[in-house]
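Mapping the sequence shown onto my numbering, position 264 (from 1) lands on 264, and the numbers just tick up by one. Okay, so here's the structure we're looking at.
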Amino acid sequence: MVYPDTFKGFAVESYETWASPKEFEYKPKPFGSYDIDIKISACGVCGSDVHTVRGGWGDARLPLVVGHEIIGTAIKVGDKVSGIKVGDRVGVGAQIGSCMNCDDCKNDNEAYCEQRVGTYGGVYPVDNVDGAAGVVTQGGYASHIRAHEQFTFKIPDVLETHLVAPMMCAGITTYSPLVRNGCGPGKTVGIIGIGGLGHFGIQWAKALGADTVVAISRSDSKKQDALKLGADVFLATEKKGWNGEYKRKLDLIVNCANSTDGFALGEYLSLLKTHGRFINVGLPEGDGYKINPMSLLSNGVLIGTTHIGSKTEILEMLDLAAEKGIRPWVTTIPVSAAGCGEALEKCYQNKVRYRITLVDFDKAFGN
Ligand code: NDP
Numbered sequence: 001m002v003y004p005d006t007f008k009g010f011a012v013e014s015y016e017t018w019a020s021p022k023e024f025e026y027k028p029k030p031f032g033s034y035d036i037d038i039k040i041s042a043c044g045v046c047g048s049d050v051h052t053v054r055g056g057w058g059d060a061r062l063p064l065v066v067g068h069e070i071i072g073t074a075i076k077v078g079d080k081v082s083g084i085k086v087g088d089r090v091g092v093g094a095q096i097g098s099c100m101n102c103d104d105c106k107n108d109n110e111a112y113c114e115q116r117v118g119t120y121g122g123v124y125p126v127d128n129v130d131g132a133a134g135v136v137t138q139g140g141y142a143s144h145i146r147a148h149e150q151f152t153f154k155i156p157d158v159l160e161t162h163l164v165a166p167m168m169c170a171g172i173t174t175y176s177p178l179v180r181n182g183c184g185p186g187k188t189v190g191i192i193g194i195g196g197l198g199h200f201g202i203q204w205a206k207a208l209g210a211d212t213v214v215a216i217s218r219s220d221s222k223k224q225d226a227l228k229l230g231a232d233v234f235l236a237t238e239k240k241g242w243n244g245e246y247k248r249k250l251d252l253i254v255n256c257a258n259s260t261d262g263f264a265l266g267e268y269l270s271l272l273k274t275h276g277r278f279i280n281v282g283l284p285e286g287d288g289y290k291i292n293p294m295s296l297l298s299n300g301v302l303i304g305t306t307h308i309g310s311k312t313e314i315l316e317m318l319d320l321a322a323e324k325g326i327r328p329w330v331t332t333i334p335v336s337a338a339g340c341g342e343a344l345e346k347c348y349q350n351k352v353r354y355r356i357t358l359v360d361f362d363k364a365f366g367n
């Protein structure tokens, strides 16, 4: 029997074989009073999964089950859990632990806690109260996940399982930078990179009331989609002088690009008003782009980043999606060794419009 002693997933075993995950059985952390066991029914496939399994971000703890856009059913609930009961439909994103005591944890900044634990490839710290010290976390291409209640979110009934899954990471990673950087009425907001994250970014910016949303992509191929998603303006950077008309017109840019090949930072920055903000959420491999202080001078821009988002923001985002009918554009693939490999490969090749969700977990793992 797999659950409750062990969980089963599809793990990448080496960087060379990243597109060919294999079945893998593993022991989860010991069950704690605040833990919830979730039987997984859907999991989105994030650009971060691809960076990780290809070794693009440096050493990953292989074999590793990736996946951090998880939706499932709570099947066991710790005695100190409040607000979630057995049978509830719940979600888990890219974070599964933090110290719960530091200033960040107490101020809706748990994503920045120095002891944060990632949903996959993270390691529980030495002072973990549940005896989980040293346990490596495994993600959502799997039968189950064991998560602390702080990182488990009740899902509003109207949000469909395969569509809400990508909100757990791509959704919150674009919602948080927008709300933290003043997106709203009167603002002109740019979104760079129309992929899983970017296609949410356009929708959130519009729903938060931005006057003008500017989608910035490399070619024209996603123009019609971006306009349908709610963009008011579409700019293709492969065109000479693409930034001319919108120079100094934007208050905020959220950069969702997952690579820096040919990334002309100065041209993007030229779009910002004086002291406009360039918030980078994409996490490319390698050294990233270089910042020359001179290039910041002419419009005095501010460059920053955000990391996923807080529980408070995730619950707000889910309510906004439910209220305004916001949904990602999703292709589903049945979860299996081959299905996980196909999904990772398509994401790597930028062939996804705009998110893959793995489904049919019962068929792969049984009831
Ligand atoms: P996708 O592959 O779905 O989308 C990435 C998009 O980036 C592409 O569709 C493309 O858009 C654009 N792009 C790629 N290369 C370049 C380039 N050289 N210059 C300009 N644009 C480029 O990935 P995701 O949306 O899933 O993830 C995006 C990034 O965000 C990843 O690096 C991921 O690791 C990171 N991330 C960060 C998090 C955080 O907390 N900060 C959390 C989750 C993910 P187009 O075709 O329109 O040009």
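The beta carbon of each residue, even a glycine, is placed where N, CA and C say it ideally should be. Quick caveat: nothing in here was measured; it's all calculated off a predicted structure.
State yes or no: is the C-beta of residue i within less than 8 angstroms of the C-beta of residue j?
i, j, result
"threonine 357", "proline 166", "yes"
"valine 92", "phenylalanine 151", "yes"
"aspartate 37", "lysine 85", "no"
"leucine 64", "valine 117", "no"
"valine 45", "alanine 343", "yes"
"lysine 80", "serine 48", "no"
"alanine 226", "isoleucine 192", "no"
"phenylalanine 234", "alanine 210", "no"
"alanine 170", "leucine 197", "yes"
"valine 179", "aspartate 251", "no"
"histidine 307", "alanine 111", "yes"
"histidine 376", "tryptophan 329", "The question about residue 376 has no answer here: the residues shown for the chain are numbered 1 through 367."
"alanine 337", "glutamate 23", "yes"
"isoleucine 172", "methionine 294", "no"
"glycine 230", "tyrosine 354", "no"
"valine 50", "threonine 174", "no"
"asparagine 299", "glycine 276", "yes"
"serine 221", "glutamate 238", "no"
"cysteine 43", "glutamate 69", "yes"
"aspartate 5", "histidine 148", "no"
"glycine 262", "serine 176", "no"
"arginine 54", "threonine 73", "no"
Counting only C-beta atoms, is residue i closer than 8 angstroms to chain D at any point?
i, result
"phenylalanine 234", "Of the chains in the structure shown, none is chain D; there is only one protein chain."
Per DSSP, what kind of secondary structure is residue i in: helix, strand or coil?
i, result
"tyrosine 26", "strand"
"lysine 311", "helix"
"histidine 68", "coil"
"phenylalanine 361", "helix"
"cysteine 43", "strand"
"proline 334", "strand"
"phenylalanine 31", "coil"
"glycine 341", "helix"
"glycine 263", "Per the sequence shown, residue 263 should be read as phenylalanine rather than glycine. Correct three-state label for phenylalanine 263: coil."
"threonine 212", "strand"
"glutamine 138", "coil"
"leucine 229", "helix"
"glutamine 115", "coil"
"aspartate 37", "strand"
"arginine 218", "coil"
"valine 352", "coil"
"leucine 250", "strand"
"alanine 322", "helix"
"arginine 54", "coil"
"leucine 272", "strand"
"lysine 8", "strand"
"valine 90", "strand"
"leucine 159", "coil"
"threonine 305", "strand"
"glycine 97", "strand"
Going by Cα to Cα distance, which pick from the options is closest to residue i?
i, options, result
"tyrosine 124", "Asp108, Cys99 and Lys324", "Cys99"
"arginine 327", "Trp204, Pro284 and Leu269", "Trp204"
"valine 120", "His144, Ala74 and Asp108", "Note that residue 120 corresponds to tyrosine in the displayed sequence, not to valine. Of the candidates His144, Ala74 and Asp108, the one whose C-alpha sits nearest the C-alpha of tyrosine 120 is His144."
"arginine 146", "Asp130, Val158, Asp157 and Ile155", "Asp130"
"aspartate 360", "Val158, Ser41 and Leu297", "Ser41"
"glycine 366", "Ala142, Ser219, Asn107 and Arg248", "Ala142"
"glycine 9", "Asn109, Gly139 and Asn101", "Gly139"
"tryptophan 18", "Asp261, Glu345, Leu229 and Thr260", "Glu345"
"valine 66", "Ser20, Asp88, Gly300 and Ser82", "Ser20"
"leucine 302", "Thr274, Lys324 and Lys311", "Thr274"
"lysine 39", "Val50, Val2, Leu62 and Thr52", "Val2"
"valine 243", "Thr73, Gly339 and Gly266", "Looking at the sequence provided, one finds asparagine at residue 243 rather than valine. That would be Gly266, whose Cα lies nearest to the Cα of asparagine 243."
"glycine 325", "Gly186, Lys351, Ala207 and Lys187", "Ala207"
"isoleucine 314", "Met168, Leu272, Cys183 and Lys351", "Met168"
Write down the C-beta distance between residue i and residue j rounded to the nearest angstrom, noting that I regard them as a contact closer than 8 angstroms.
i, j, result
"phenylalanine 153", "glycine 78", "Not a contact, Cβ separation roughly 16 angstroms."
"alanine 132", "lysine 29", "4 angstroms"
"tyrosine 268", "isoleucine 279", "The Cβ separation is near 12 angstroms, so there is no contact."
"proline 284", "alanine 257", "7 angstroms"
"lysine 247", "serine 270", "5 angstroms"
"isoleucine 155", "glycine 122", "Contact flag wrong, Cβ pair sits at about 23 angstroms."
"isoleucine 71", "threonine 137", "Going by Cβ atoms, the distance from isoleucine 71 to threonine 137 rounds to 18 angstroms, so no, they are not a contact pair."
"aspartate 108", "threonine 312", "5 angstroms"
"aspartate 232", "threonine 260", "Contact flag wrong, Cβ pair sits at about 27 angstroms."
"lysine 290", "proline 334", "Wrong, their Cβ atoms sit about 43 angstroms apart, outside the cutoff."
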